[in-house]
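The structure appears right after this line, and notes come after that.
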Amino acid sequence: SKRAPPAAARSTNSWVAGITGETVRDTVQRILVGREGAQGTGAVPKDALAELVPARGVPGLLDTIRVRHVSGGVSTIGLKSYEKGREKFQGETLDFCWLDEEPDISIYTEVLTRTNVGGGPIFMTFTPLLGVSGVVSRFLHEKSPDRNITSMTIEDVEHFSADERKQIIAQNFP
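With the numbering used here applied, the sequence shown covers 8 to 181.
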């Protein structure tokens, strides 16, 4: 089959997802577009926001973010939550996906399937609070050139001063 042009040359279709609609709204949505009432203050500049489509059921949650792409097209970012189950992650073809917080292995593999056509990346950002789960095991024990783990500690968090880091550590690990 013929592959699509690289994502940088055309508009893209992607998802961002998290545990619940509320956490998606308060984390990835806020990071991408800014807080409610201050859209355009996040990672996507205001002049690039083509349309913000509201979701149903969770106040302030978006269903879709449409972003003007440099190619002249419009990229689509769908917002999803793990609480809806694996079935809600079926069917779409994606250029990439951002999973914030650790998903169940069934959701991870479903999203992996969604990116197979274009070979696009899946980004996951989480602390492995569940231990060596199915998802963590795939990265720790199944070596593959298409997987990478980037580990961070509080020392890598540059927006905290050295004194703030010490205070946070003291509060969490007395």
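Note that the Cβ used here is the ideal one computed from N, Cα and C, for glycine as well.
Determine the DSSP secondary structure at residue i, reduced to helix, strand or coil.
i           : result
residue 169 : helix
residue 8   : Low confidence applies here, because residue 8 scores a pLDDT of 46, under 50, leaving its location unreliable and the question unanswered by this model.
residue 156 : coil
residue 146 : helix
residue 48  : strand
residue 130 : strand
residue 3   : It is not possible to answer for residue 3, since the shown part of the chain is limited to 8 through 181.
Leaving aside the five residues before and after residue i along the sequence, list all residues of the same chain whose C-beta is less than 8 Å from its C-beta, in chain order.
i           : result
residue 137 : 109, 143
residue 70  : 60, 61, 62, 63, 85, 86
Roughly how far, in whole angstroms, is the beta-carbon of residue i from the beta-carbon of residue j, given that I think they are within contact range, below 8 Å?
i           : j           : result
residue 106 : residue 84  : Going by Cβ atoms, the distance from residue 106 to residue 84 rounds to 13 Å, so no, they are not a contact pair.
residue 21  : residue 81  : 12 Å between Cβ atoms; not a contact.
residue 40  : residue 51  : 6 Å
residue 102 : residue 127 : 4 Å
residue 172 : residue 162 : 7 Å
Ignore the nearest five residues each way along the sequence and tell me which others in residue i's own chain have a CB closer than 6 Å to its CB.
i           : result
residue 131 : 106
residue 31  : 25, 86, 88
residue 135 : 143
Could you pull the DSSP bridge partners for residue i from this structure?
i           : result
residue 103 : 21
residue 84  : 21, 72
residue 59  : 72
residue 161 : None; residue 161 has no bridge partner.
Residues in its own chain within less than 7 Å of residue i by CB, not counting five upstream and five downstream?
i         : result
residue 8 : Model confidence at residue 8 stands at a pLDDT of 46, short of 50, so the residue's coordinates are unreliable; what they give is reported in the following sentence. Within the same chain, residue 8 has no close Cβ partners at all.
| Sufficient close CB pairs (3 or more, under 8 Å) joining the region 61-78 to the region 136-143 | no
| Just checking, does the region 12-32 make contact with the region 82-97 on the three C-beta pairs under 8 Å criterion? | yes
| query | If we count Cβ pairs, one from each stretch, closer than 8 Å, do we get three or more for the region 45-56 versus the region 113-124? | reply | no
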